[in-house]
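Numbering (the numbering used here), first residue to last: 1 to 413. Each residue gets a CB set at the ideal place from its N, CA and C atoms; glycine is no exception. What follows is a single structure, written as structure tokens, with notes after it.
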Ligand SMILES: Cc1cc2nc3c(=O)[nH]c(=O)nc-3n(C[C@H](O)[C@H](O)[C@H](O)COP(=O)(O)OP(=O)(O)OC[C@H]3O[C@@H](n4cnc5c(N)ncnc54)[C@H](O)[C@@H]3O)c2cc1C
């Protein structure tokens, strides 16, 4: 089976990690991207290897928060009015996925996928020589609201059920870990197993450089459609050219919907847009990744600066960014970190590829087992990319994947 020709569409972290896994099994791999390496969400995310997160976004409790959040156009969750009707079918599916039984099923599936997320990354970091870009200071969840802290305990209990260590901390213990926090913090938790990378863009570029050195070909081109052939699959590019391969992997993040639809798989993929700012000189030094679950954003110390951001905006792929969202997060962050100076920094908006049940699509297309999907990783695409690449590679070689892929099927909708 070695020597299989595989075309990977999309040079985001999922495409790169998939190419790496295929390469290590002896495949000849070409990655084609319409823009280049890490042009999408993989460029500016918060850098977390958050394998310790097992709860889907859709949860019975989310509506308690969502109603308050939606009332604030700059809050953690917003719908752009121009996109409200378009996102409605996704929202209805999201509500359906928030029932206790569906949430329980999504949690089991996410925990199974995340179980191998860190080991798979460890293998990839070591193979590619990028292991010096990873840090293990854990994640500190910080609360300034007592009722939100109390509700977080059920999430922590669930994480512990999956063997994940969560250390609940008093406000004094939180302040001891991060002394620059304001003293109205009411408590928090440390998740020591959480890891983060120095900068996701640098990691992507390093991986791409290593892949290229190992013989993976990178091509610039926009894929308009994918079709099965007698021997494998064919890509049709915007310039009319075609590319044939034994297998094709669709890893186009938030832009994968059209290619899947062309193959008969109507996947309800949409985007949760996220915003951040990266501040080279923030006036404070954090010891670790800080999450503010009650406010829907994080502070991630990168090698390139302090990245502040997160939030969810439903606004599709085409509407212009609303940078006021970044300003709103900065002023909230300053209430918790009074010395924060975010007067200079680089603003960014990215498109999380999201399915209503918070599970990605990993598996074959309906038309051919040689056309495989790897998209829809939403908030956890960096985290889950290395294991996704290994799972896709198992499918290419006709092996039984180590994780049951039924919950991730494109045909589940
Ligand atoms: C604000 C924010 C913070 C985040 N923080 C984290 C985090 O801390 N940890 C984590 O695990 N995840 C995080 N995520 C999620 C993560 O960034 C994404 O899930 C992940 O980057 C998706 O990777 P991808 O390769 O699937 O897609 P992308 O990175 O979007 O890549 C898709 C690629 O496909 C290309 N493409 C699209 N269509 C075509 C076509 N027709 N032909 C050719 N090429 C095409 C694009 O140019 C692009 O390069 C965050 C996301 C956001 C927005």
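Counted as a single uninterrupted DSSP element, the stretch harbouring residue 262 is not any beta strand (DSSP E) but the alpha helix (DSSP H) occupying residues 257-262. Relative to the non-hydrogen atoms of ligand 1, the Cβ of residue 317 never comes closer than 6 angstroms to any of them. Placement of the Cβ of residue 222 at a distance of less than 6 angstroms from at least one heavy atom of ligand 1 is found. At the C-beta level, residue 100 and residue 296 stay beyond 7 angstroms of one another. The beta-bridge partner set that DSSP reports for residue 354 consists of 270. Residue environment for residue 265: buried (at least 16 other C-beta atoms within 10 angstroms of its C-beta). Taking the Cβ atoms as the reference, residue 54 lies roughly 4 angstroms from residue 111, within the contact range of under 8 angstroms.
Not one heavy atom of ligand 1 is found less than 6 angstroms from the C-beta of residue 247.
Contact check between the stretch 317-324 and the stretch 208-218: fewer than three CB pairs, one atom from each, fall below 8 angstroms, which does not count as touching. The shortest C-alpha to C-alpha distance from residue 169 to any of 396, 189, 7 is the one to 189. In summary, residue 136 is exposed, with fewer than 16 beta-carbon neighbours lying within 10 Å of its beta-carbon over all protein chains present. According to the DSSP assignment, residue 167 belongs to no alpha helix (DSSP H) but to the beta strand (DSSP E) extending over 167-169.
Counted as a single uninterrupted DSSP element, the beta strand (DSSP E) harbouring residue 373 occupies residues 371-375.
For residue 244, no alpha helix (DSSP H) encloses it; the enclosing beta strand (DSSP E) starts and ends at 242-245.
Two segments are said to touch when three or more pairs of C-beta atoms, one from each, lie closer than 8 angstroms; by this definition the stretch 148-162 does not touch the stretch 253-264. Burial is judged here by how many other beta carbons sit within 10 angstroms of a residue's own beta carbon; residue 215 has fewer than 16 and is exposed. In the three-state scheme derived from DSSP, where H, G and I count as helix and E and B as strand, residue 212 is classed as helix.
For secondary structure counted as the beta strand (DSSP E) over 3 or more consecutive residues, the stretch 308-356 holds these complete runs in sequence order: 346-354. Contact between residue 251 and residue 232 does not hold, since the beta-carbon distance rounds to 17 angstroms and is not under 8 angstroms. Residue nearest to residue 242 within the set 258, 255, 223 is 223 (criterion: CA-CA distance).
Between the alpha carbons of residue 25 and residue 331 lies a distance of about 49 angstroms.
The DSSP-derived three-state label of residue 280 is coil. Residue state for residue 230 is assigned as coil, using DSSP reduced to three classes.
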